[in-house]
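4 protein chains.
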Amino acid sequence: MSAGERIPVGIVGASGYGGVQLIRLLQDHPRVEIVYVGGDSSAGKPFSELYPHLGHAFNPTIEKIDLDVISDRCQIVFLGLPNGLACDMAPQLVAKGCKVLDLSADYRFQNLETYTTWYRKERTDYDTAAQAVYGLPELYRNKIRDRDLVGCPGCYCTASLLALAPLLKQGLIQEESAIIDAKSGTSGAGRQAKVNALLAEAGNTVGAYNVAGAHRHTPEIEAVCSDLAGHDLRVQFTPHLMPMVRGILATVYATLRDPGLVREDLLTIYNAFYRSAPFVKVLPNGVYPQTKWAAGTNLCYLGVAVDNRTDRVIVMSAIDNMIKGQSGQAVQCMNILMGWEETLGLPQLAFYP
Amino acid sequence: MSAGERIPVGIVGASGYGGVQLIRLLQDHPRVEIVYVGGDSSAGKPFSELYPHLGHAFNPTIEKIDLDVISDRCQIVFLGLPNGLACDMAPQLVAKGCKVLDLSADYRFQNLETYTTWYRKERTDYDTAAQAVYGLPELYRNKIRDRDLVGCPGCYCTASLLALAPLLKQGLIQEESAIIDAKSGTSGAGRQAKVNALLAEAGNTVGAYNVAGAHRHTPEIEAVCSDLAGHDLRVQFTPHLMPMVRGILATVYATLRDPGLVREDLLTIYNAFYRSAPFVKVLPNGVYPQTKWAAGTNLCYLGVAVDNRTDRVIVMSAIDNMIKGQSGQAVQCMNILMGWEETLGLPQLAFYP
Amino acid sequence: MSAGERIPVGIVGASGYGGVQLIRLLQDHPRVEIVYVGGDSSAGKPFSELYPHLGHAFNPTIEKIDLDVISDRCQIVFLGLPNGLACDMAPQLVAKGCKVLDLSADYRFQNLETYTTWYRKERTDYDTAAQAVYGLPELYRNKIRDRDLVGCPGCYCTASLLALAPLLKQGLIQEESAIIDAKSGTSGAGRQAKVNALLAEAGNTVGAYNVAGAHRHTPEIEAVCSDLAGHDLRVQFTPHLMPMVRGILATVYATLRDPGLVREDLLTIYNAFYRSAPFVKVLPNGVYPQTKWAAGTNLCYLGVAVDNRTDRVIVMSAIDNMIKGQSGQAVQCMNILMGWEETLGLPQLAFYP
Amino acid sequence: MSAGERIPVGIVGASGYGGVQLIRLLQDHPRVEIVYVGGDSSAGKPFSELYPHLGHAFNPTIEKIDLDVISDRCQIVFLGLPNGLACDMAPQLVAKGCKVLDLSADYRFQNLETYTTWYRKERTDYDTAAQAVYGLPELYRNKIRDRDLVGCPGCYCTASLLALAPLLKQGLIQEESAIIDAKSGTSGAGRQAKVNALLAEAGNTVGAYNVAGAHRHTPEIEAVCSDLAGHDLRVQFTPHLMPMVRGILATVYATLRDPGLVREDLLTIYNAFYRSAPFVKVLPNGVYPQTKWAAGTNLCYLGVAVDNRTDRVIVMSAIDNMIKGQSGQAVQCMNILMGWEETLGLPQLAFYP
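Chains as they are written, first to last, in numbering that gives the first Met the number 0: chain A, 0 to 352; chain B, 0 to 352; chain C, 0 to 352; chain D, 0 to 352.
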């Protein structure tokens, strides 16, 4: 592979779903070239052994993870590894001048104690972590521009925060009234063999899990919500597993401070809030999103309702958990970091049905 | 067909999903015999033309709907018709001495104005309606025993009310804090050809509909909740369509009045409340229901969590929308009406997976 | 548990899907009582830890596998273990007087060399294997009556052989023209965590595997077909994985010897062949089976077509892979072994849809 | 809309799935601009009323179908109408100088009597029909270049013919031994409300339909096969409905004339045959396609196996039924017609999973 005028990028952890989405997206991206694909257990294998359908277009041998090789060869590095590994690699990569986009949870928390509580890994990379920014461009676009290290948000968090942000930022809802009932396809669990993610188990059924604050995305959502509100707050977050492959729908409930607000007011506020966000689409009055409208795109669709009987606002937020909820968002952050057009190389229209 | 010592029963509206579940259940019921199967557009057809897989076991010709014939032949009549038709038939059937179990919405409301508002049908059968009871045996078992006419609950309502009833009856939650986020398989929409229920449309996706109090089950749920609480109250109810055939999960959120209550307290209360309810299974601490655990049974599984960070109780309720949510509940009501064992002829164990 | 007048039965390997189906079926069976449930990795756990939905009805502690304990306590033993383990247990159990129904492949082959070739396990239990019968009652009912040991057929084999048997037994088709294109739900892969059986992988897609004679069910099907035809023959068998939980459809193609035969002739032949088979339902002219018609039942539905343009017969055979294709068939064999009504305790009507 | 240097194109029948795929593809196509979107029942509606997720990117008002308007405004016209309507429009559009790509069956048959037999519509447009070419570029690329009117192939036919063509063209298989066992997602039935395509009916199940030559795609496949073989022949074609939205897998069986051929020989032949076909990907030895590898792309993946026990070749062919099986293929034909790069505007990499 020769880089030409394209920027050389590397992907560490290419065997998982995050990795394969990144490859799919970056293959179509006009400004980069994938020059390194690394993995641990898959090192030495041709990529097509893991994903045969890509063999005709992309088939490098997966290399073992060697930070010197990576930083020599790549200007931008995506880390798509299980939680707790990126924090051992990012300090060296950043020190060597790489721009690093981490898809794991390692750089999502400003408070590393919170991270350690939930992810059971002690951290020593305080300086590196202090440089990281939370990679949700719709909220932190300007901060992303300046950084070398981005902690890309979790999929549930992306869907939930895009629904909640205008409400919290504008102080429209009663504190701590927010309830997020989230529904995810099973690809969110990754490509690991687990009994509960088998089609035979997860097909044909719906259930909640990690109820009552027990999901790792709760502290991540709360940290950003607290930042938006200007003080600490708690939200109720309940994830559910859906019998489908891709997509997240977050149905968010909150009590309005001003019961006089109607749906049109909220739509005006949401449209204004996301005026310069190319990937957030606020739906018209009475239209609520389907997750598959966002499938294969980096879009987030928002539907907004107000129930004046109960003084609640209800916001429905739909994304593709593997794109806007993961790899697409990382590419969006890369575009911003590099000063490129934010939408570069990112699909904006789904195939339907 | 000769009735022997079995009680002769009839099914009006046998072509829909409610009808075919009833036939499946009543074929295995030891105390009844199906002696009449009637329909409108399907009259004259052999039943196996509609449901070929049943042809080997049950294949009467569908008769046209003639109330005299029905009341002459049947002691018990199940009405499985679209909303707004049962109220034209039930008065005569009851007058002729039939026990009537209606699966539509027609006899679910004590306040017929509420019915007319939501179902756009004027009502004149006040006397008949006044005799009807809401057929949720776990709440109204004793009333069902005395009546000739049962309005069997909607599927969403059954799942929601079984989750909420102990909280409201015991006054455990703050008024109007209840939010029901409900998820249903598409069979709930019936066997009518509709674009939005096509597999191509509803497959692979999740979305909400009739948000903000706009679903007909909202007034039905509120009427029963108000009855339980002893005064009028409103709940938030949001239905979602799932990419699966059968099953409903209702995730119910409410704020506890006493923030000192913990999960074990709630489990004790739920177990006590449903002590004599053979079809409600309160799950142990930390176990949350899957809808397919209830598939093909008349069970309702309840999982209970308390979030002491937010002072909320979260109850998850899973049923088979076509059995406990429809035809099985009607059979359960019949058993009670007739003084039979409540569980007679009703399946209690699912096939898993 | 006290056995009363019920026959005490044991299940070895209760944690898999075969085990949980057996428990579901035997709980409803009027002549037996489950007195032993054993497992290897799950020993010591309450059964409800594996299958929480059954906890309310059945929750023994899983015992470790001790053949003396089993044979002391049980008159009938079901072995639901991975291939290659039953042949180490069955000799002793049979010697101690137990009736053994093995759900694995260990006793499906009269020729143990074929077994060893495909399952890579050397066999020494020649005497025990010689006593075993292939547990497909529709073909070998009379032989099953006499035996102590039944090798229950594979799921693909059951669907395929019930479609092919009348053609081969009556010599109606050209030798070796038979092609079986089989489609299975993913539960056939069992409850083991495997990447290719994840919902994220197997959802939303269809593909063939083990093409061109490479599936272990090929020699099993060929052995029975050869027995039916009276001499060795080969068939083409191609399995496909479907995006669904349960069910197998085998579409079988074969060239008719007599091109003058029409569909009605074939239907007559099939109806005669299965006249005394209570679980095989030959569908009327022009009706072809859906797998879900058989779901939750021990039925096999057969649809028969003749294409007089091509002189081929096409037979479609639908079963529930976990019931008629596995545990239900084992119960059917038990009923025959014990001289009970063949249909005892076996469901014959599906819930639809 | 102003056309600039882009070619103005129109879509007639934009409300169906074919229409919405075309719009999705043509929106990304660098050489065309959609200047007309027409429909019958949907005329006067904004397009977003039918497909709300596209509203942010594409939202013209659907116009009524007026051939003068269309031919005045458009240089290229796609007809995505039910069978039997295009043949009333194409003559006038072609006469006025439009290039017409018809997605229906109307121009797929050189023999209009065959068309009339199967589609029950008398034809009078002999001259126009004689100018049409069958739009399968991999077989008729050179003919497509010269024509004004393309009859785009059916989805089942595309998958089947790409699998069979090398075998027939090279005379490798015994005549009339070909059997096509095809599996399709339900989107192939279109966006019409039909009971059998409901998720409640088609979910969770597999079944065959139109067995024994009764499907309209049989004569279409046979006509092309006969053309390839140089004389009339018949094939066995059996369609099956899968519980999934998109995708077709055709599993094709045929007996080899030369039993000495092995898999590697066949792979060499297939690779040579499709050397200049940018959308056909022949998979390596032992790899068989999944339909979702092709989802959202214009690719056809072919897996080839030889069973030397039975002297059969087995070819598995996977496409996206709505893209390579319909609208993508029409765009590919347009590219060829216009002398553009064949792959222009057509996606070549799926998102997986």
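A virtual CB, placed ideally from N, CA and C, is assigned to each residue, including glycine.
Under the rule that 16 or more other beta-carbon atoms within 10 Å means buried, what is residue i, buried or exposed?
i	result
proline 51 of chain C	buried
serine 1 of chain D	Bear in mind that the predicted position of serine 1 of chain D carries a pLDDT of just 44, short of 50, making it unreliable; the figure below should be weighed with that in mind. Flag for serine 1 of chain D reads exposed.
proline 165 of chain C	buried
tyrosine 155 of chain C	buried
Kindly indicate which residue of the options has the alpha-carbon position closest to the one of residue i.
i	options	result
leucine 265 of chain A	A:Phe236, A:Gln20, A:Ile313, A:Thr290	A:Ile313
aspartate 231 of chain D	D:Leu167, D:Asn284, D:Leu255	D:Leu167
methionine 88 of chain D	D:His216, D:Leu148, D:Gly202	D:Leu148
alanine 213 of chain C	D:Val279, D:Asn307, D:Pro283	D:Asn307
aspartate 180 of chain C	C:Glu200, C:Leu240, C:Ile268, C:Tyr351	C:Leu240
leucine 25 of chain B	B:Pro346, B:Phe350, B:Tyr351, B:Pro352	B:Pro346
arginine 119 of chain B	B:Leu102, B:Asn82, B:Ala249	B:Asn82
alanine 211 of chain A	B:Leu21, B:Ser47, B:Met315, B:Trp339	B:Met315
arginine 256 of chain B	B:Asp39, B:Ala177, B:Lys63, B:Ser159	B:Ala177
leucine 53 of chain B	B:Ser14, B:Phe77, B:Leu171	B:Ser14
glutamine 74 of chain A	A:Ala317, A:Thr60, A:Val93	A:Val93
valine 286 of chain D	D:Val303, D:Arg233, D:Tyr133, D:Ser186	D:Val303
leucine 135 of chain C	C:Ala199, C:Tyr125, C:Val223	C:Val223
isoleucine 10 of chain A	A:Lys44, A:His28, A:Leu80	A:Leu80
Is the CB of residue i under 8 Å away from at least one CB in chain A?
i	result
phenylalanine 350 of chain B	no
proline 51 of chain D	yes
glycine 212 of chain B	yes
At least one CB of chain C closer than 8 Å to the CB of residue i: is that the case?
i	result
tyrosine 273 of chain B	no
tyrosine 300 of chain B	yes
isoleucine 178 of chain D	yes
glutamate 175 of chain D	yes
arginine 5 of chain D	no
Using a cut-off of 8 Å between C-beta atoms, extract the partners of residue i located in chain D.
i	result
arginine 23 of chain A	Leu348, Ala349, Phe350, Tyr351
serine 186 of chain A	Pro352
Report the neighbours of residue i on chain B: residues whose CB is nearer than 7 Å to its CB, in chain order.
i	result
histidine 55 of chain C	Lys280
threonine 113 of chain A	Here the premise fails: no neighbours, minimum Cβ distance about 14 Å.
tyrosine 252 of chain A	Ile178, Gln235
Please report whether the beta-carbon of residue i lies at a distance below 8 Å from any beta-carbon of chain B.
i	result
serine 326 of chain D	no
asparagine 334 of chain C	no
Since residue i meets chain C, which of its residues come closer than 8 Å, beta carbon to beta carbon?
i	result
glycine 206 of chain D	Leu248, Tyr287, Pro288, Gln289, Thr290, Met315, Ala317
glutamine 331 of chain B	Those do not exist, as glutamine 331 of chain B stays about 16 Å from chain C at its closest Cβ, beyond 8 Å.
Does residue i have its Cβ less than 8 Å from a Cβ in chain D?
i	result
leucine 198 of chain B	yes
methionine 0 of chain C	Low confidence applies to methionine 0 of chain C: its pLDDT is 40, below 50, so where it sits in the model is not reliable, and the reading given next is rough at best. Not one chain D Cβ lies under 8 Å of methionine 0 of chain C.
glutamine 26 of chain A	yes
Starting from the beta carbon of residue i, find every residue of chain C whose beta carbon is closer than 9 Å, and list them in chain order.
i	result
valine 194 of chain A	Arg190, Gln191, Ala192
For residue i, return the contacting residues in chain A, with the cut-off set at a CB-CB distance below 9 Å.
i	result
asparagine 203 of chain C	Met243, Val244, Arg245
So which residues of chain D does residue i contact, with C-beta pairs closer than 9 Å?
i	result
arginine 256 of chain C	In chain order: nothing, as chain D lies at least about 16 Å away.
Can we count residue i as close to the ligand GDP, meaning its CB is less than 7 Å from some heavy atom?
i	result
alanine 162 of chain B	Here there are no bound small molecules, and the ligand GDP is not part of this structure.
Using a C-beta to C-beta distance shorter than 7 Å, which residues of chain C count as neighbours of residue i?
i	result
valine 19 of chain B	Tyr351
tyrosine 16 of chain B	Pro352
Please confirm if the segment 294-303 of chain D is in contact with the segment 38-50 of chain A, defined as three or more CB-CB distances below 8 Å between the two stretches. With fewer than three CB-CB distances shorter than 8 Å, the segment 294-303 of chain D does not count as touching the segment 38-50 of chain A.
Are the segment 28-39 of chain B and the segment 54-70 of chain B touching, with three or more C-beta to C-beta distances below 8 Å? Segments in contact, yes.
Would you call the segment 259-273 of chain C in contact with the segment 317-336 of chain C, where contact means no fewer than 3 C-beta pairs closer than 8 Å? In the pairwise beta carbon analysis, the segment 259-273 of chain C is classified as not touching the segment 317-336 of chain C: fewer than three pairs are separated by under 8 Å.
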